[in-house]
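> Right, I'll just put the structure down here and ask away after.
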Amino acid sequence: MNTVPSLSARYSDPRAYPRGVAFLDGQYVPISEAKISVLDNGFLHSDATYDVVHVWDGAFFRLEDHLTRFFESVEKLHMSIPYDRAQVTEILCNCVALSGLRRAYVEFICTRGVSASGSRDPRDCDNRFIAFAIPFGSVANPVQMTRGLHVAISDVVRIPPQSLDPTVKNYHWLDLITALYGAYDQGAETVILIDQNGNVAEGPGFNIFAVCQGQVFTPAHGVLLGITRQTIFDLCEGLKMDCVAQDISATVLCQADEVFVTSTAGGVMPVSKINGRMIGAGGVGPVTEQIKAAYWDLHVIDQHRLTVEYPDPSAG
């Protein structure tokens, strides 16, 4: 039986944290020192919005698009931060530069914050801005990227847009987590949820695409309008492929020639099995490979890059 520590006991966090740097309360700190109040409504009520951008080989990819979505989400939730786009850009660049990471996962957040008076009226809260940079991570690990993800389609319904605007990136993940554990029980590695009409919606942090007879399809409703999702539309136009947003039934998805998922955390990731059954010929399909290669090729185009200026290690 655990004993209650004495009042004089000093707290120390025994957990290991990834390498990284955070910005909060006007200063940059090691990621292990980035803390949020237990009274913050972002923690208590998931009353927050956020966005994630990645840095690849020392440059942000499509940062302006992520900033646009973030500021639109902040406005939709009746929040505000004391920084404009240029200042947020500077903060994010500083987090990455101070971390020294050349490939990074960069998140920026606005929480409802805390009401000094204890009021439950969200208008009385002081909104809070937080940002951090940690090593780049992917939805799919290297093995899964090579042979394709094994996915289950859950009967858990994704939170409908009538309840929560899916275009506002948020931390309401309990439906996703519930479905994910159900997928684990089936031997799958991740999960796809359905919408209220029984069509496929999205997964934990990713959008879904099906390839059928050379055409590319993705769910149209009840999903986050992912920046990587939009990149696929752009790429397909350049590759002379049809890319259509429409309802996709679970049956159609399972019978597709190829399936892949997309996320800032990983890019274009193949799916080789759904509900234990092989998709197409299994492995990574030719259309998925073509789109994946084109996606990473975009990362060297100046139009989509913002290069980070790192401190000179020889200086000082």
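Every letter in the sequence shown is one number past the one before it in our numbering, and letter 316, counting from 1, is 1226. All C-beta atoms, glycine included, are put in the ideal place defined by N, C-alpha and C. Predicted, not measured: the structure shown is a model, and the values here were computed from it.
CA-CA distance, Ala1130 and Glu1000?
Taking the straight line from one Cα to the other gives about 34 Å.
> For Arg1215, collect the residues of the same chain with a Cβ closer than 6 Å to its Cβ; drop the 5 residues on either side in sequence, then sort them by chain order.
Excluding residues within five positions, the ones whose Cβ falls inside 6 Å are Ala969.
> Tell whether a beta-carbon distance below 8 Å holds between His1060 and Glu1112.
Result no, Cβ atoms of His1060 and Glu1112 do not sit closer than 8 Å.
> Within the stretch 1070-1150, note down every full alpha helix (DSSP H) run reaching 4 residues or more, in order along the chain.
You should have 1084-1095, 1137-1148.
> Counting only runs of 3+ residues fully inside the stretch 995-1046, write out the beta strand (DSSP E) ranges in chain order.
If we require 3 residues or more, the beta strand (DSSP E) runs fully inside the stretch 995-1046 come out as 1014-1024, 1036-1045.
> Would DSSP call Gln1165 helix, strand or coil?
Three-state DSSP puts Gln1165 in coil, outside helix and strand.
> Could you say which of Leu1103, Ala1191, Pro1221 lies nearest to Val1171 if we only look at CA atoms?
Cα-wise, what sits closest to Val1171 is Leu1103.
> For Val1101 versus Gly1092, is the C-beta spacing smaller than 8 Å?
Yes.
> Candidates Met1179, Val998, Lys1079: which alpha carbon is nearest Gln1054's?
Of the candidates Met1179, Val998, Lys1079, the one whose C-alpha sits nearest the C-alpha of Gln1054 is Met1179.
> Spatial neighbours of Ala1204 within its chain, please: CB distance less than 6 Å, with the 5 preceding and 5 following residues excluded, ordered by chain position.
If we look at Ala1204 and ignore the five residues flanking it on each side, its Cβ neighbours are Leu1145.
> What would DSSP say about Val963, mapped onto helix, strand or coil?
Looking at Val963 - three-state DSSP - the assignment turns out to be strand.
> Using a Cβ-Cβ cut-off of 6 Å (strictly less than) and excluding sequence neighbours within five positions of Val1218, which residues of its own chain qualify?
Closer than 6 Å at Cβ, skipping near neighbours: Gly968, Cys1003, Val1006, Ala1007.
> Grab me the residues of Gly1148's own chain with a C-beta within less than 8 Å of its C-beta, minus the 5 sequence neighbours each way, in chain order.
Hits under 8 Å: Ala1204.
> Rank Tyr927, Leu1135, Asn951 by C-alpha distance to the C-alpha of Ala1026 and give the top, closest one.
Answer by Cα proximity: Asn951.
> Cβ atoms of Ile1137 and Thr1174: under 8 Å apart, would you say?
Their beta carbons are under 8 Å apart, which means Thr1174 touches Ile1137 by this criterion.
> I'd like to confirm the pairing. Which residues does DSSP put opposite Phe971 in its beta bridges?
Paired residues: Arg1215.
> Could you work out which residue in Gln1125, Pro1076, Cys1035, Ser1159 is closest to Phe1116 when comparing CA atoms only?
The residue with the shortest Cα to Cα distance from Phe1116 is Pro1076.
> Restricting to Cα atoms, I'd like to know which of Leu1074, Ala1041, Ile1184, Gly1186 is closest to Gly1132.
Considering only alpha carbons, the answer is Leu1074.
> Do Thr1021 and Asp961 count as a contact pair if the criterion is CB distance below 8 Å?
Not in contact: Asp961 and Thr1021 (Cβ atoms no closer than 8 Å).
> Please state whether DSSP places Val1049 in a helix, a strand or coil.
Reduced to three states, the DSSP call for Val1049 is coil.
> Using the three-state DSSP reduction, which class does Asp1065 fall into: helix, strand or coil?
DSSP places Asp1065 in strand when its eight states are reduced to three.
> Relative to the alpha-carbon of Ser947, which residue among Asn912, Asn1037, Thr913, Val965 has its alpha-carbon at the smallest distance?
That would be Asn1037, whose Cα lies nearest to the Cα of Ser947.
> Between the beta-carbon of Phe1042 and the beta-carbon of Ala932, is there less than 8 Å?
In this structure, Ala932 lies closer than 8 Å to Phe1042 by Cβ.
> Smallest Cα separation from Arg1030: which of Leu949, Glu982, Glu974?
Taking only the C-alpha atoms, the option nearest Arg1030 is Leu949.
> Going by the CB atoms, is the gap between Ala1014 and Ile1044 shorter than 8 Å?
Yes, they are a contact pair.
> Give the straight-line distance between the Cα atoms of Ala1062 and Pro928, rounded to the nearest whole angstrom.
Roughly 30 Å separates the two Cα atoms.
> Within the same chain, show all residues whose beta-carbon is closer than 7 Å to that of Gly1193, passing over the 5 residues directly before and after it, in chain order.
Cβ neighbours of Gly1193 beyond the five flanking positions: Arg1057, Gly1058, Ser1182.
> My output table needs one value for Leu954: the three-state DSSP class, helix, strand or coil.
Helix, per DSSP.
> Express the C-alpha separation of Ile1040 and His976 in angstroms, rounding to a whole number.
Looking at the two C-alpha atoms, the distance is approximately 15 Å.
> Please state if the CB of Gln1106 and the CB of Val1067 are separated by a distance shorter than 8 Å.
Yes, they are a contact pair.
> Measuring alpha carbon to alpha carbon, tell me which of Thr1161, Asp1167, Arg1139, Cys1164 ends up nearest Val1154.
Looking at the Cα atoms, Arg1139 is the closest of the given residues.
> According to DSSP, is Tyr927 helix, strand or coil?
DSSP places Tyr927 in coil when its eight states are reduced to three.
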